[in-house]
Amino acid sequence: MDSSLLQKAVTLLRDGEVVGLPTETVYGLAGDASNTAALARIFAIKERPEFDPLIVHAANLERAMEVVKDFPAEARRLARWFWPGPLTLVLSKAPWVPDLATAGLETVAVRVPAHPVAQAVLEGFGGFLAAPSANKFGGISPTTAAAVRTELGDRVPLVLDGGACPRGVESTIISFADGRPVCLRLGATALEDVEKIVGPVEVCRRRDPRLAPGAFGRHYAPRTPLAIWNGEQDAPAAGVRAVFMGFNRERVPGPWPVRWLSETGNLEEAAANFFQTLRELDAVGADLILAEAFPERGVGRALNERLRRAAAGVQGQGGGCDG
Numbered sequence: 000m001d002s003s004l005l006q007k008a009v010t011l012l013r014d015g016e017v018v019g020l021p022t023e024t025v026y027g028l029a030g031d032a033s034n035t036a037a038l039a040r041i042f043a044i045k046e047r048p049e050f051d052p053l054i055v056h057a058a059n060l061e062r063a064m065e066v067v068k069d070f071p072a073e074a075r076r077l078a079r080w081f082w083p084g085p086l087t088l089v090l091s092k093a094p095w096v097p098d099l100a101t102a103g104l105e106t107v108a109v110r111v112p113a114h115p116v117a118q119a120v121l122e123g124f125g126g127f128l129a130a131p132s133a134n135k136f137g138g139i140s141p142t143t144a145a146a147v148r149t150e151l152g153d154r155v156p157l158v159l160d161g162g163a164c165p166r167g168v169e170s171t172i173i174s175f176a177d178g179r180p181v182c183l184r185l186g187a188t189a190l191e192d193v194e195k196i197v198g199p200v201e202v203c204r205r206r207d208p209r210l211a212p213g214a215f216g217r218h219y220a221p222r223t224p225l226a227i228w229n230g231e232q233d234a235p236a237a238g239v240r241a242v243f244m245g246f247n248r249e250r251v252p253g254p255w256p257v258r259w260l261s262e263t264g265n266l267e268e269a270a271a272n273f274f275q276t277l278r279e280l281d282a283v284g285a286d287l288i289l290a291e292a293f294p295e296r297g298v299g300r301a302l303n304e305r306l307r308r309a310a311a312g313v314q315g316q317g318g319g320c321d322g
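Counting from 1, position 201 in the sequence shown corresponds to residue 200 in numbering that gives the first Met the number 0; the numbering is continuous, with no gaps.
Written out as structure tokens, the structure reads:
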């Protein structure tokens with residue numbers, strides 16, 4: 000990355016502007032987390048409701064401790080194991096954190112990104128960055144700089160191009176708001192790996208958008224209707240122009256164009272390709288995107304959750320939290 004571009008990004012951020020930048024998960028729309036005007040600009044550009052909290056990004060664990068009032072021992076264990084990386088912790092917030100960043104809650108979502116460009120910007124900026132996905136609210140998350148430019152255009156003065164995001168889906172969110180670990184969003188860090196560190200983690204199914212970033216029922220959605228195929232349903236009716244997004248080469252539901260997310264059935268590779276492939280299929284003008292369900296393990300659980308929420312209508316909404 001050209002050092003002059005990094006310096007330009009830092010200057011813009013210090014002036015209260017926003018910048019598109021890559022993380023290991025998806026591209027973020029970054030602004031100074033301590034600047035209410037910059038936070039308001041993020042919400043306006045994304046057309047995101049202000050009751051949907053943001054994630055605050057820090058350069059390292061030591062800096063992240065400045066964002067929170069209390070850092071429980073179990074949460075610290077997770078941070079030491081998974082940071083830098085795609086794990087967000089929800090903890091009691093420090094007094095300086097603006098209410099606009101937290102939807103007025105007494106908790107804040109914080110993580111340390113692993114991408115070298117995000118790290119370089121954080122180090123140069125010297126503060127903290129709020130950085131939700133750099134797209135219009137509710138749509139397909141961007142995993143390339145080109146996708147950010149297509150989505151947001153000249154509303155963002157600078158987009159740093161760090162290549163395709165290697166993990167491809169958002170961070171896993173673990174809350175310690177009630178003292179015990181609760182998963183508010185499945186993501187790129189497998190829940191099974193989190194449980195190896197802290198034991199069983201409850202998964203919250205309640206769709207309260209104030210609990211965590213991106214907790215709306217319909218989200219990650221293409222303009223083209225999307226249906227989930229698990230290998231058992233009937234194929235779409237004749238005459239429906241469908242495209243198929245698949246994972247298992249042994250199962251194809253019909254004679255439609257197919258895009259495979261992994262040539263080898265690798266869930267991590269599928270995750271890295273997921274949003275960009277969905278974006279490309281959304282642009283072909285089909286009547287329907289038929290997406291194959293993933294194995295319910297590892298990051299496959301997060302991908303299935305993205306599919307359910309991207310599908311037409313609101314699917315899979317529970318009424319509370321369960322294990």
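Glycine included, C-beta positions come from ideal geometry on N, C-alpha and C.
- Annotated as proximal: tryptophan 259 and arginine 248, with beta-carbon spacing under 8 Å.
- Following the DSSP letters along the chain, one finds alanine 144 inside the alpha helix (DSSP H) bounded by residues 144-151.
- Taking one beta carbon from each stretch, the stretch 61-68 and the stretch 86-94 have 3 or more pairs nearer than 8 Å; the two touch.
- With a cutoff of 8 Å on beta-carbon distance, proline 180 and tyrosine 26 are scored as not near each other.
- With a cutoff of 8 Å on beta-carbon distance, glutamine 275 and threonine 188 are scored as not near each other.
- Short of 6 Å from the beta carbon of phenylalanine 293, and not among the five residues preceding or following it, lie these beta carbons of its own chain, in chain order: Phe246, Gly299, Leu302 and Asn303.
- Here lysine 45 is buried, its C-beta having at least 16 other C-beta atoms within 10 Å.
- Judged by beta-carbon spacing, alanine 133 lies beyond the 8 Å limit of glycine 253, meaning their Cβ atoms are not closer than that value.
- Closest in alpha carbon position to aspartate 177, among Ser2, Glu105 and Arg204, is Glu105.
- With fewer than 16 neighbouring CB atoms inside 10 Å of its own CB, arginine 250 falls in the exposed class.
- Taking the CA atoms as reference points, alanine 226 sits about 21 Å from glycine 186.
- Between proline 52 and alanine 119, the CB-CB gap reaches or exceeds 8 Å.
- Burial is judged here by how many other beta carbons sit within 10 angstroms of a residue's own beta carbon; threonine 263 has fewer than 16 and is exposed.
- Residue pairing by DSSP places leucine 28 opposite Gly19 in a beta bridge.
- The beta carbon of threonine 101 is closer than 7 Å to those of Pro52, Lys92 and Val107 in its chain, skipping five residues each way along the sequence.
- Sequence-distant Cβ neighbours of aspartate 281 in its own chain, meaning closer than 8 Å and more than five residues away, are Ile139, Pro221, Arg222, Thr223 and Ile288.
- Counting only runs that start and end inside the stretch 84-162, the beta strand (DSSP E) elements of at least 3 residues fall at 86-91 and 106-110.
- The residue among Asp286, Arg154 and Val193 with its C-alpha nearest the C-alpha of alanine 241 is Asp286.
- In the displayed model, arginine 166 falls within coil according to three-state DSSP, outside both helix and strand.
- Boundaries cannot be given for glycine 297, as no alpha helix (DSSP H) includes it and DSSP labels it neither H nor E.
- Secondary structure of leucine 185 (DSSP, three-state): coil.
- One alpha carbon belongs to arginine 307, the other to phenylalanine 81, and they sit about 27 Å apart.
- In the structure shown, the three-state DSSP call for leucine 225 is strand.
- With contacts defined by Cβ atoms closer than 8 Å, alanine 32 and valine 17 do not form a contacting pair.
- Taking every protein chain shown into account, the CB of serine 170 has 16 or more other CB atoms within 10 angstroms, so this residue is buried.
- Non-local C-beta neighbours of glutamate 191 in its own chain, meaning closer than 8 Å and more than five positions away in sequence, comprise Arg296 and Gly297, ordered along the chain.
- The continuous alpha helix (DSSP H) containing valine 197 extends over residues 190-197.
- Proximity to isoleucine 41 across Ala163, Leu151 and Ala72 peaks at Leu151, based on C-alpha coordinates.
- Here arginine 79 is exposed: its Cβ has fewer than 16 other Cβ atoms, across all protein chains shown, within 10 Å.
- No Cβ-Cβ contact shorter than 8 Å links leucine 77 with isoleucine 172.
- By the CB criterion at 8 Å, leucine 183 and valine 55 fall outside the cutoff.
- At a Cβ-Cβ threshold of 8 Å, phenylalanine 124 and leucine 12 count as neighbours.
- Taking valine 147 as the centre and dropping the five residues before and after it, the same chain places the C-beta of Gly19, Tyr26, Ala133, Pro141 and Val158 closer than 6 Å to its C-beta, in chain order.
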